[in-house]
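> Take the sequence shown: its position 285, counting from 1, is numbered 285 in UniProt numbering, and each next residue is one higher. Quick reminder that beta carbons are idealized off the backbone N, C-alpha and C, glycines included.
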Amino acid sequence: MSTPDPALETPAPANRTDQLIERVMNSRAGRLAYRFRRLVPLASFAIGLGSYFLIQRQNALAQWLTALMLLGWLALLFEGLLCRILARFVGERVPQILVRYAAQALHQETLFFVLPFFLVTTTWLSPQCFFTGLLIVAAVASAIDPLYYEVIAPRRWLFLGYHAFTLFAAILAGGPIILSLTTGDSIALASAVMGVCALPSFNDVLQARHWSRWFVLAGLSLALGAGAWAARFWIPPATLSARHMAITTQMDVAHREPGPDRDHFTVAQLQANGLYAFSAIKAPRGLHQKVFHVWSHDGQVVSRIPLQIRGGTRKNGFRTWSHKTSLGAHPAGHWRVAVVTDDGQLIGAERFTVGPGH
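(1) Leaving out the 5 sequence neighbours to the left and right, which residues in its chain are closer than 6 angstroms to lysine 282 when beta-carbon positions are compared?
(2) Based on Cα-Cα distance, which residue from Ser142, Ile305 and Gln250 lies nearest to alanine 102?
(3) Following the continuous beta strand (DSSP E) through isoleucine 247, name the residue where it begins and the one where it ends.
(4) Could you pull the start and end residues of the beta strand (DSSP E) that tyrosine 276 belongs to?
(5) So the candidates are Ser126, Ala153, Gly175 and Leu160; which of them puts its Cα closest to the Cα of valine 114?
(6) Determine whether the beta carbon atoms of glycine 195 and leucine 224 lie at a separation below 8 angstroms.
(7) Grab me the residues of phenylalanine 278's own chain with a C-beta within less than 6 angstroms of its C-beta, minus the 5 sequence neighbours each way, in chain order.
(8) Quick check on DSSP: helix, strand or coil for histidine 293?
(9) Spatial neighbours of phenylalanine 168 within its chain, please: CB distance less than 8 angstroms, with the 5 preceding and 5 following residues excluded, ordered by chain position.
(10) Would you kindly report the start and end of the unbroken alpha helix (DSSP H) that includes alanine 138?
(11) Proline 331: which of His264, Ile305, Gln289 and His293 sits nearest, CA to CA?
(12) On the DSSP bridge assignment, give the partners of serine 322 in chain order.
(13) For glutamine 58 and serine 212, what's the separation of their Cα atoms in angstroms?
(14) Glutamine 269 lies in the beta strand (DSSP E); which residues open and close that run?
(15) From Ala138, Gly133 and Trp124, pick the residue whose C-alpha is nearest to that of glutamate 109; which is it?
(16) Compute the Euclidean distance between the alpha carbons of tryptophan 234 and cysteine 197, then round it to the nearest angstrom.
(17) Name the DSSP bridge partner or partners of glycine 348?
(18) Going by alpha carbons, who is nearest to threonine 183 out of Val151, Gly333, Ser303 and Phe118?
(19) Out of curiosity, what's the CA-to-CA distance linking arginine 351 and proline 200?
(20) How about threonine 122 and proline 284: do their beta carbons lie closer than 8 angstroms?
(21) Going by DSSP in three states, threonine 183 sits in which element: helix, strand or coil?
(22) Which of the three DSSP states is assigned to arginine 107 in this structure?
(23) Enumerate in chain order the residues of its own chain whose CB-to-CB distance from phenylalanine 159 is below 7 angstroms, with the five nearest sequence positions on each side excluded.
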């Protein structure tokens with residue numbers, strides 16, 4: 001009877017990286033992390049929701065949470081360099097599946113972290129709902145393993161595009177919180193970063209091997225960044241929301257309190273003192289931003305009144321108002337007062353009608 005070859009029965013010794021992964025997965029913390037991995041999106045959403053309310057209450061914890069999230073992005077952006085550094089210590093390259101798992105975890109945490117900011121600040125009866133809807137789809141995709149690993153991750157161009165979009169959303173929410181950037185500055189920075197991060201995705205599609213194609217790649221990158229900037233009207237201002245809006249004929253200027261909110265007025269009611277448009281806007285601590293009250297009559301803009309807000313000054317938002325003493329010779333019709341940022345992002349809107357009568 002032949003004797004089996006011991007080399008065929010004895011498994012080859014695992015390399016140091018595999019041993020490290022196996023040790024981590026077999027540890028108590030590793031088993032718990034794997035068991036409750038489905039709770040990561042829910043936990044990230046809860047942290048993001050908590051951070052949204054923390055920044056309104058001048059709590060530095062929200063800044064730290066956002067900074068840690070962006071720090072994770074820096075680690076992923078320099079993934080190749082970090083893998084080489086780790087290889088020097090463990091003697092082996094970090095497995096690609098481990099990098100993909102880290103990327104998925106970061107995408108999940110980021111998308112579910114920023115989602116509450118956009119859900120709260122979206123004006124749903126406006127084109128902003130499309131951007132927030134896309135963000136919801138991206139967040140759900142990161143939490144479904146078959147969709148993420150079989151559709152997104154294997155297609156490098158799609159993975160890098162998904163990566164760029166997620167980073168775009170992260171900067172929109174993180175810029176005002178950490179750096180006190182205005183929404184306009186944040187979206188400009190996010191657009192530029194997304195354009196640069198999308199370069200590898202474009203390169204995978206075009207396979208630029210000649211110098212002339214690099215000009216095409218640069219043009220596509222610039223077009224993507226410019227397109228994102230041009231689409232800012234469709235993007236909610238992630239950290240600004242209209243806590244309360246009112247259209248009224250009375251205003252307590254001393255206490256900054258509006259009179260009764262109404263949605264219909266007669267021409268005679270406007271003759272005495274015109275109309276006030278009141279808005280209480282919630283913003284992060286330290287943010288100073290110019291906004292406008294844009295008065296429109298039957299779809300035509302009749303005036304843009306500039307106002308200045310300061311973030312973190314009140315729990316219920318910074319209270320400001322505009323006053324129109326005259327609504328023109330023929331004020332009857334449909335009116336709308338929109339609160340927009342200086343770069344055109346919609347914060348909130350209030351509608352009312354003016355009809356004939358006394």
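Walking through what the data contain:
(1) Gln56, Ser241, Arg243 and Gly317
(2) Ser142
(3) 241-248 is the span of the beta strand (DSSP E), which, as asked, contains isoleucine 247.
(4) 275-282
(5) Gly175
(6) Closer than 8 angstroms, so yes.
(7) Ala246, Pro258 and Trp321
(8) strand
(9) Ala190, Ser191, Val193, Met194 and Ala228
(10) 128-143
(11) His264
(12) According to DSSP, residue pairing for serine 322 in a beta bridge involves Ala277.
(13) Residue placement at glutamine 58 is flagged as unreliable, the pLDDT there being 45, under the threshold of 50; the coordinate-derived value follows with that caveat. Each residue's Cα considered, the two are about 51 angstroms apart.
(14) Glutamine 269 -> not in any beta strand (DSSP E); alpha helix (DSSP H) instead, spanning 267-270.
(15) Nearest of Ala138, Gly133 and Trp124 to glutamate 109, Cα basis: Ala138.
(16) 21 angstroms
(17) Residue pairing by DSSP places glycine 348 opposite Val339 in a beta bridge.
(18) Phe118
(19) 45 angstroms
(20) no
(21) In this structure, threonine 183 counts as helix in the three-state DSSP scheme.
(22) The sequence given here places histidine at residue 107; arginine does not occur at that position. Helix, per DSSP.
(23) Ile152 and Ala153
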